[in-house]
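Asks:
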Amino acid sequence: MTGSPAAGLVRAWVDLYTRGLPADLRAARRDEVADDLWCEQEEATERGRSVGVDMALRLLFGMPADIGWRLTFRGTPRPGLERSLTMNTRTLGALAILGGLAWTILIVLFVPLSHGVWEGSIGVWGVIGTLVGAFAFSASTIGLAWRFQDHIGPLGAIGAGVTLVGALVALGGPVILFLIGLTMVTVALARIGVTSWLVPVAHLATTIGAVGLWLWQANMDLVSTRVLYAGVLAPFLLAWIAMGASLFRGLPQVTATSG
Amino acid sequence: MRRKEGSLVPLEVSILEAALELRSQGINEAHGFLLAKHIRDGRRARRLTAYGTLYKALDRLERAGYLASRWEDPQLAADDGRPRRRHYRVTMSGEAAHADALAAERREALPRSAAVQPS
């Protein structure tokens with residue numbers, strides 16, 4: 023393995039422009055370039071010279087050809103997508119339903135009980151429900167992002183990371199970051215046809231509503247505000263339950279392609 | 014760069030030439046870096062061909078049937094502690110395409126050299 027920063031850049035670039043290609047084709051290009059980098063480093067070591075600048079220039083001058091090569095695969099079918107839909111997809115669907123139901127129950131209880139959901143004798147169940155929901159949403163989202171990593175592109179990959187951080191923040195604070203991460207992932211999944219576009223649209227609606235409430239500094243001591251909050255979260259929760267049911271049954275038809 | 018269907022760009026000619034020269038030296042198959050190194054040394058160039066340019070050209074030559082490739086036994090790579098390696102060899106049609114390209118180059122060069130010849 024060649025560990026120089028320039029070699030890292032080359033590998034990152036290969037990783038970027040081969041996203042969305044069938045896994046075998048992607049691995050072939052990655053391995054071929056990795057071997058080239060290894061040989062180049064070996065030769066430089068033998069000659070006792072640094073190779074970083076040469077690697078960077080080889081990377082730079084080859085970028086137009088890489089992009090041209092990548093564009094020749096636009097619109098080609100991706101058999102890996104269908105192959106990856108196995109029993110694990112059902113598990114991810116079950117997690118999505120679990121998360122959706124857990125948080126729906128919490129939100130329904132939150133309207134009359136306010137923060138009492140997480141306090142007193144009932145509070146234990148409130149905390150467990152929050153944790154179960156956060157875990158289930160995160161596991162399902164990151165699981166889907168992982169399964170379709172060759173297809174979802176940078177948006178989905180970054181979204182998965184934001185979701186993970188957002189889930190931790192949501193345990194003791196606002197859920198906005200969590201919602202943004204989930205929205206990014208679901209947009210990426212909708213682009214490749216794994217979910218309906220209604221899912222990211224519902225996420226976006228909830229995210230905008232949640233940001234609005236946060237900016238407004240809504241007073242959650244009022245029942246009317248809590249009803250509004252529940253209404254804002256409803257599209258998000260319903261979308262997850264629906265998506266989970268869809269994944270559990272199998273998968274929606276793969277329709278779209280992404281570059 | 015636009016080119017006629019089936020025609021070779023200079024880099025592709027160089028790759029075929031490098032593979033044929035290596036074969037004449039007893040190296041029947043060559044990986045990407047070795048081909049790039051041979052081209053660089055032959056041209057006395059300072060740098061190797063860019064990654065994207067090189068592997069796109071190799072891909073095109075293989076699709077055209079001028080090169081054939083195989084992946085080496087992964088155990089060999091593991092034993093050497095390096096990534097797995099793809100070996101290319103020139104096919105019969107690759108040899109013919111290379112010969113055609115050289116002949117075309119000569120035909121193009123002849124009128125030019127004739128034009129500068131003193132009469």
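Going down the list, the sequences are from chains A and G.
So the first sequence is residues 23 to 281, counted in this note's numbering.
So the second sequence is residues 14 to 132, counted in this note's numbering.
Cβ coordinates follow ideal geometry from the N, Cα and C atoms, glycine included.
1. Let's test the definition: count the other Cβ atoms within 10 Å of the Cβ of G/A70 and tell me whether it reaches 16, buried, or not, exposed.
2. So within the region 150-197 of chain A, which uninterrupted alpha helix (DSSP H) runs reach at least 4 residues, ignoring any that extend past its ends?
3. Measuring straight from C-alpha to C-alpha, what distance separates G/G65 and A/G90?
4. Looking at chain A, is there any beta carbon in it that lies within less than 9 angstroms of the beta carbon of G/L67?
5. Could you please give the first and the last residue of the uninterrupted beta strand (DSSP E) stretch that includes G/S82?
6. Counting only beta-carbon atoms, is G/L61 nearer than 9 angstroms to chain A?
7. Excluding the 5 residues flanking A/M265 on each side, which residues of the same chain have their C-beta closer than 6 angstroms to its C-beta?
8. From the beta carbon of A/D54, is the nearest beta carbon of chain G less than 9 angstroms away?
9. If you follow the beta strand (DSSP E) that G/R99 is part of, which residue opens it and which one closes it?
10. In its own chain, which residues sit with a C-beta less than 6 angstroms from the C-beta of A/L131, not counting the 5 before and 5 after it?
11. Note down the Cα distance separating A/G164 from A/G231, rounded to an integer number of angstroms.
12. So, helix, strand or coil for G/A58, using DSSP?
13. Of all the options A/A192, A/L177, A/S162, which has the alpha carbon lying nearest to the alpha carbon of A/I263?
14. Can you give, in chain order, each stretch of the alpha helix (DSSP H) that sits fully within the region 48-113 of chain A and has at least 4 residues?
15. Looking only at its chain, what residues have a beta carbon closer than 8 angstroms to the beta carbon of A/V146, apart from the 5 residues adjacent to it on each side?
16. Please list the terminal residues of the continuous alpha helix (DSSP H) segment that includes G/Q88.
17. What does the alpha-carbon distance come out to for the pair A/L235 and A/Y251?
18. Anything in the region 72-83 of chain A with a Cβ closer than 9 angstroms to a Cβ of chain G? List those residues in chain order, please.
19. What is the DSSP secondary structure of G/A63, reduced to helix, strand or coil?
20. Count the CB pairs spanning the region 60-70 of chain A and the region 44-54 of chain G that are closer than 8 angstroms, and state whether there are at least three.
21. So the alpha helix (DSSP H) G/R36 belongs to, where does it begin and stop?
22. Have a look at A/L193, A/G42, A/G183 and flag the residue whose alpha-carbon is nearest the alpha-carbon of A/V149.
23. Name the chain A residues that come within less than 8 angstroms of G/R97, Cβ to Cβ?
24. Inspect the beta-carbon positions of A/L177 and A/G188 and report whether they are closer than 9 angstroms.
25. Please go through the same chain and pick out, in chain order, the residues whose beta-carbon is closer than 6 angstroms to the beta-carbon of A/T277, but skip the five residues on each side of it.
26. Over the uninterrupted alpha helix (DSSP H) stretch that includes A/R41, give me the two end residues.
27. Do the region 25-37 of chain G and the region 70-87 of chain G meet, that is, are 3 or more Cβ pairs less than 8 angstroms apart?
28. Tell me which residues share the same chain as A/A158 and place their Cβ nearer than 6 angstroms to its Cβ, disregarding the 5 neighbours each side in the sequence.
29. Suppose you measure from the CA of A/D37 to the CA of A/Q239; what does that come to, to the nearest Å?
30. Measuring CA to CA, which of G/L115, G/G55, G/A114, G/V103 is closest to G/L33?
31. Counting only C-beta atoms, is G/D54 closer than 9 angstroms to chain A at any point?
32. Start and end of the alpha helix (DSSP H) containing A/T229?
33. Could you check which residue in A/S268, A/M242, A/A78 has the C-alpha nearest to that of A/S136?
34. Here's the rule I'm using: 16 or more other beta-carbon atoms within 10 Å means buried, otherwise exposed. How should G/L115 be labelled?
35. Assuming G/R99 contacts G/G45 under a Cβ cut-off of 8 angstroms, what Cβ separation, rounded to an integer in Å, is found between them?
36. Which chain G residues sit within Cβ distance under 8 angstroms of A/E62?
Replies: Once the coordinates are examined:
1. Position 57 of the second sequence, counted from the first residue, corresponds to residue 70 of chain G. Buried, because 16 or more other Cβ atoms sit within 10 Å of the Cβ of G/A70.
2. Listed in chain order, the alpha helix (DSSP H) runs fully inside the region 150-197 of chain A are 171-192, counting runs of at least 4 residues.
3. The sequence position of residue 65 of chain G within the second sequence is 52, counting from 1. The sequence position of residue 90 of chain A within the first sequence is 68, counting from 1. Each residue's alpha carbon lies about 9 angstroms from the other.
4. Sequence index remark: in the second sequence, residue 67 of chain G carries index 54 (1-based). It does: the Cβ of G/L67 has a partner Cβ on chain A nearer than 9 angstroms.
5. Taking the second sequence and counting its residues from 1, one reaches residue 82 of chain G at position 69. Where G/S82 is concerned, the enclosing beta strand (DSSP E) stretches over 80-84.
6. As a working note, residue 61 of chain G is residue 48 in the second sequence. Closer than 9 angstroms: yes.
7. Mapped onto the first sequence, residue 265 of chain A falls at position 243. Closer than 6 angstroms at the Cβ level, and outside the excluded window around A/M265, lie A118, T217, V221.
8. What you label residue 54 of chain A is simply residue 32 of the first sequence in a count that begins at 1. Note on identity: in this sequence residue 54 of chain A is Glu, with Asp being the wrong assignment. For A/E54, the nearest beta carbon of chain G is closer than 9 angstroms to its own beta carbon.
9. Counting from 1 along the second sequence, the entry for residue 99 of chain G is found at position 86. Run containing G/R99: 99-103, per the beta strand (DSSP E) assignment.
10. Translated into the one-based positions of the first sequence, residue 131 of chain A becomes position 109. Annotation for A/L131: V139 place their beta carbon closer than 6 angstroms to its own, counting only its chain and skipping 5 residues before and after.
11. To locate residue 164 of chain A, count along the first sequence from 1; it is residue 142. To locate residue 231 of chain A, count along the first sequence from 1; it is residue 209. Before going on, a small fix: residue 164 of chain A reads as Ile here, not Gly. Spanning the two alpha carbons is a distance of roughly 24 angstroms.
12. Within the second sequence, the letter at position 45 stands for residue 58 of chain G. In the structure shown, the three-state DSSP call for G/A58 is coil.
13. Within the first sequence, numbered from 1, the residue matching residue 263 of chain A stands at position 241. Shortest Cα-Cα distance from A/I263 to any of A/A192, A/L177, A/S162 involves A/S162.
14. Taken in chain order, the complete alpha helix (DSSP H) segments of 4 residues or longer contained in the region 48-113 of chain A are 74-93, 101-105.
15. Position 124 of the first sequence holds residue 146 of chain A. Result list for A/V146: empty, nothing under 8 angstroms.
16. Start at 1 with the first residue of the second sequence, and residue 88 of chain G comes out as number 75. For G/Q88, the enclosing alpha helix (DSSP H) starts and ends at 87-93.
17. Translated into the one-based positions of the first sequence, residue 235 of chain A becomes position 213. Translated into the one-based positions of the first sequence, residue 251 of chain A becomes position 229. Spanning the two alpha carbons is a distance of roughly 8 angstroms.
18. Within the region 72-83 of chain A, the residues whose Cβ lies closer than 9 angstroms to some Cβ of chain G are D76, M77, L79, R80, L81, L82, F83, listed in chain order.
19. Sequence index remark: in the second sequence, residue 63 of chain G carries index 50 (1-based). In the structure shown, G/A63 falls within a coil segment according to DSSP collapsed to helix, strand and coil.
20. Cβ pair count under 8 angstroms is three or more, so yes.
21. The residue labelled residue 36 of chain G in the question sits at position 23 within the second sequence. Counting along the chain, the alpha helix (DSSP H) containing G/R36 begins and ends at 23-37.
22. To locate residue 149 of chain A, count along the first sequence from 1; it is residue 127. The shortest C-alpha separation from A/V149 is found at A/L193.
23. Locating residue 97 of chain G in the second sequence gives position 84, where the first residue counts as 1. By Cβ distance, chain A contributes D53, D57.
24. Within the first sequence, residue 177 of chain A is the residue found at index 155, counting from 1. Within the first sequence, residue 188 of chain A is the residue found at index 166, counting from 1. Taking 9 angstroms as the Cβ cut-off, A/L177 and A/G188 do not qualify as a contacting pair.
25. For the purposes of this step, residue 277 of chain A is identified with residue 255 of the first sequence, where counting begins at 1. Model confidence at A/T277 stands at a pLDDT of 43, short of 50, so the residue's coordinates are unreliable and nothing is read from them.
26. Counted from its first residue, the first sequence places residue 41 of chain A at position 19. Taken as a continuous stretch (DSSP letters only), A/R41 belongs to no alpha helix (DSSP H), as it is neither H nor E.
27. Judged by Cβ distances under 8 angstroms, the region 25-37 of chain G makes contact with the region 70-87 of chain G, as three or more pairs qualify.
28. Start at 1 with the first residue of the first sequence, and residue 158 of chain A comes out as number 136. In chain order, L117, L120, G121 place their CB closer than 6 angstroms to the CB of A/A158, counting only its own chain and leaving out the 5 sequence neighbours on each side.
29. Residue mapping note: residue 37 of chain A aligns to position 15 of the first sequence, counting from 1. Residue mapping note: residue 239 of chain A aligns to position 217 of the first sequence, counting from 1. C-alpha separation (whole angstroms): 42 angstroms.
30. The residue labelled residue 33 of chain G in the question sits at position 20 within the second sequence. Of G/L115, G/G55, G/A114, G/V103, the residue nearest in Cα terms is G/V103.
31. Taking the first residue of the second sequence as position 1, residue 54 of chain G is located at position 41. It does not; no Cβ of chain A falls within 9 angstroms.
32. On the first sequence, residue 229 of chain A is found 207 positions in, with the first residue counted as 1. Here the alpha helix (DSSP H) through A/T229 covers 220-238.
33. Indexing the first sequence from 1 puts residue 136 of chain A at position 114. From the listed residues A/S268, A/M242, A/A78, the smallest Cα separation to A/S136 is found for A/M242.
34. Here residue 115 of chain G corresponds to residue number 102 of the second sequence, with the count starting at 1. Classification for G/L115: exposed.
35. Translated into the one-based positions of the second sequence, residue 99 of chain G becomes position 86. Translated into the one-based positions of the second sequence, residue 45 of chain G becomes position 32. About 7 angstroms separates the CB atoms of G/R99 and G/G45; that is less than 8 angstroms, so the two are in contact.
36. To locate residue 62 of chain A, count along the first sequence from 1; it is residue 40. What A/E62 touches in chain G: F46, L61.
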